[in-house]
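Quick mapping for you: the protein sequence lines, in order, are chains A and B.
Take the first sequence: its position 20, counting from 1, is numbered 20 in the UniProt record's numbering, and each next residue is one higher.
Take the second sequence: its position 80, counting from 1, is numbered 80 in the UniProt record's numbering, and each next residue is one higher.
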Amino acid sequence: MELVLQNLIPIPLRDKLSQRNSDIWNTQKTLKQGEWIKVKAPSGTGKTTLVHILYRLRNDYTGHVLWNGKEEQRFSAAELAVLRQSAVSVVFQDLRLFSQLTARENIELNRVLPASGTHYESTVIDAMAERLGVTHILQQRAGLCSYGEQQRIAIIRALVQPFQWLLMDEPFSHLDEENTRKAAALIAEECEKRGAGFILTDLDEDRHLPYTTFYNL
Amino acid sequence: MLNNLLKKLIKASAGRTRFIMAVTGLSVALLLILSAVQLQVNYNHLLHGKSNKDSIANFLVLNKAVTAETIGATALSAADIQQLKQQPFIDAVGLLTPSGFKVSAQGGSAQLPFYTDLFFESVPDEFIDVVDKDWNWSEEAQYVPVIIPNMFLDLYNFGFATSQGLPQLTQDLVKSLPLKISITTPMGNVPYYARVIGFSDRISSVLVPQNFMTWANKRFASEVRTQPSRVVIKTSDPGNPQLVEYLKKHGLTTDADKTRFSKYRQIVNTVVNISGITGGLMLLFALLIFTLFIQLTIASCKEEITLLIALGAAPAQLYRFLMRRFFPSNVVVIVVVLAVIAAAQFALAEFLQQQSMYVMHLISPFTILAGVIILAVLWLVNSSTIKKYIRQS
């Protein structure tokens, strides 16, 4: 699935962006499936805005986002649901877990959501939790988990569904080096299995994953 | 699996207390509205139901009021009668045919020594309250059956007899005594026998069978009077304020006792109309509360709905799930409220029956219809609120 960005400018950042250059904003970019893209962006340059625009959580921008040639704004609510269920997965910066559900239920929910059928068996959750060291909190309410734990749950949640693109907004911000390494390895593995690409945004340079493309926002 | 997770999610966020409050509010408001409908039906039934009617009060004798202006001109014209027939509150009009000849009567036996001048009137049989097998006449008949007002006998027994030292008479005794009547004709007097066969509470006149009157008028009348001056009307509701208003406007009078109820009726009508308006306003108010309660319950799940949509939950699927989650409780509430009203109605009917007032034992179809309509409104409110929150996400 090809992702095309055309002259994208978030309206709140319009004045700021007119004074400087960016690899993404107000340019033409074609992102091919399977590309592992790192977007480096200092605070306040629209990192989260970019992820939300690509995931169509916000519409306050000019320019175009095309998923496989189809204008993102043209997706109906039902088509958008299908896109999110089976083609585009996401790890939010603010994690966005259901605090009343247990960690496991949060992951399960996303696993069983696709109308086309589940991508993985439920046992895969245990395997992934084991690798990221969160097995002990699976039955705990997500609201009671630490940020580090919640972040790993959010990553596992994003990985149990089918996808061709994975959007990640500072996915390791609450993790120490060791846990970051483990999480990055799992992400790389899952993307490889699917032949999927990802867009990862972060504040600094890093070598957590073997990126194929680098952009500055 | 997905539904179980959604159920847990929505249940946890909607909050038990809030849900119970919403259901309670809904139940109370519904109970008030549907009871109001049921009470209105009961009121109508009490007022217009067949079993609650007094059979005497349904017939009224009308005539023009005798005043200085109308003396000698109290006959009702054909147009007057036609107009009466056209009034919606009058079911039937019966003409009182006056006799065109003079009649005198005297006691036919020693027990009843009296002589009096008399008149006859006749009216179609369906307007007479005294049903008797003897109420018929043919040219071969030995006597003419007569119906006199009950009041006559009372006047005699309690006024005349006591003051004149005469014996009091029972109805049966009067019925058994033959009367000699004498009809004055241009060719001289013609004697007949007559017999009282009944006493009427309805028509204050001396009644003879219609066929006798037709026959006798043709034969003995010195002049043919075609214009009746009195009519009997049949009405479903003598207390109807419209009827009283009509009579007043056309200078007609009747037994005031029977129409006096109309004043109370007017007051009750006004009260019921006011309570109807209040009920209507209450309905609007209650619907507003329903809407708020439903929106409140669904709004408490707003964040969850937003996140579910963000994760890729299909809107149609989520809509179906939320409707299944919130709507059945409304159906349950309506069914329970209808059941409570049905039970109350049964108890009320039993209670009123002891007071000789009759209402239906079963819940009215109008109440059920109102319940169904409100259910439809609730469905719309639920549906549009859920759709709104899903769309906003």
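Built from N, CA and C at the ideal position, the CB exists for glycine as well.
As the structure is a prediction and not an experimental result, all values here were calculated from the model.
With at least 16 other beta carbons inside 10 angstroms of its own, T102/A counts as buried. Taking a cut-off of 8 Å on C-beta distances, the stretch 170-182 of chain A touches the stretch 202-211 of chain A, as three or more cross pairs fall below it. Going by DSSP, W379/B is part of the alpha helix (DSSP H) stretching over 365-392. Around the beta carbon of N3/B, fewer than 16 other beta carbons lie within 10 angstroms, which makes this residue exposed.
For P315/B, the closest C-alpha among the options A185/A, A81/A, Q164/A, E121/A is that of A81/A. The bridge partners DSSP lists for R230/B are N63/B. Counting only residues of its own chain and dropping the five nearest sequence neighbours on each side, L322/B has a CB closer than 6 Å to the CB of I386.
Per the DSSP secondary-structure output, G100/B pairs with nothing in a beta bridge.
Under the Cβ criterion of 7 Å, A103/A is not counted among the residues facing chain B. Spatial neighbours of L153/B in its own chain (CB-CB distance under 8 Å, excluding positions within 5 residues in sequence) are listed in chain order as L169, Q171, V174, F199. Among the residues facing chain A, M323/B is not included, as its CB has no counterpart in that chain under 7 Å away. A straight line joining the alpha-carbon of Q150/A with that of E190/A spans about 19 Å. In the DSSP assignment, W67/A falls within the unbroken beta strand (DSSP E) covering 61-67. Neighbours of V91/A in chain B, taken as residues whose beta carbon is under 9 Å from its own, are absent, since the nearest beta carbon is some 12 Å off.
For A12/B, the residues of chain A that pass the 7 Å Cβ criterion are Q100, in the order they occur in the chain. By the neighbour-count criterion, in which a residue is buried when 16 or more other Cβ atoms sit within 10 angstroms of its Cβ, G44/A is exposed.
Looking only at D23/A, T27/A, G34/A, the smallest Cα-Cα distance to K40/A is reached by D23/A.
Residue contact with chain B for V112/A: present (Cβ-Cβ distance below 7 Å to some residue of chain B).
At a cut-off of 7 Å between beta-carbon atoms, Q85/A makes contact with chain B. In this chain, the alpha helix (DSSP H) harbouring D172/B covers 171-176. Chain-ordered listing is empty here: chain B has no CB closer than 7 Å to the CB of E35/A, the nearest sitting near 22 Å.
Interface with chain B (7 Å Cβ-Cβ cutoff): L66/A is excluded.
With contacts defined by Cβ atoms closer than 7 Å, V231/B and V93/B form a contacting pair. Using a Cβ-Cβ cut-off of 7 Å, P328/B does not count as an interface residue toward chain A, since no Cβ of chain A sits closer than that to its own.
When rounded, the separation of the alpha-carbon atoms in K11/B and L97/A is 16 Å. With a threshold of 7 Å between beta carbons, L34/B makes no contact with chain A.
The way I'd put it, the stretch 161-168 of chain B doesn't touch the stretch 179-197 of chain B; fewer than three beta-carbon pairs between them come closer than 8 Å. Contact annotation: the stretch 25-44 of chain B touches the stretch 285-294 of chain B, with at least three C-beta pairs closer than 8 Å. E2/A and L311/B have their C-alpha atoms some 21 Å from each other. Note on Q227/B: under 16 other CB atoms within 10 angstroms of its CB, so exposed under the neighbour-count rule. In the three-state reduction of the DSSP assignment, Y43/B falls in the helix class, which pools H, G and I. Judged by DSSP secondary structure, W215/B falls within the alpha helix (DSSP H) whose first and last residues are 210-220.
With fewer than 16 other beta carbons inside 10 angstroms of its own, I373/B counts as exposed. Listed in chain order, the beta strand (DSSP E) elements of length 3 or more contained wholly in the stretch 19-59 of chain A are 28-31, 36-40.
Where P145/B is concerned, the enclosing beta strand (DSSP E) starts and stops at 144-149. Within the same chain, and ignoring the five residues on either side of V103/B in sequence, the residues whose Cβ sits closer than 8 Å to its Cβ are D117, L118, F119, F120, I181, S182, I183, T184.
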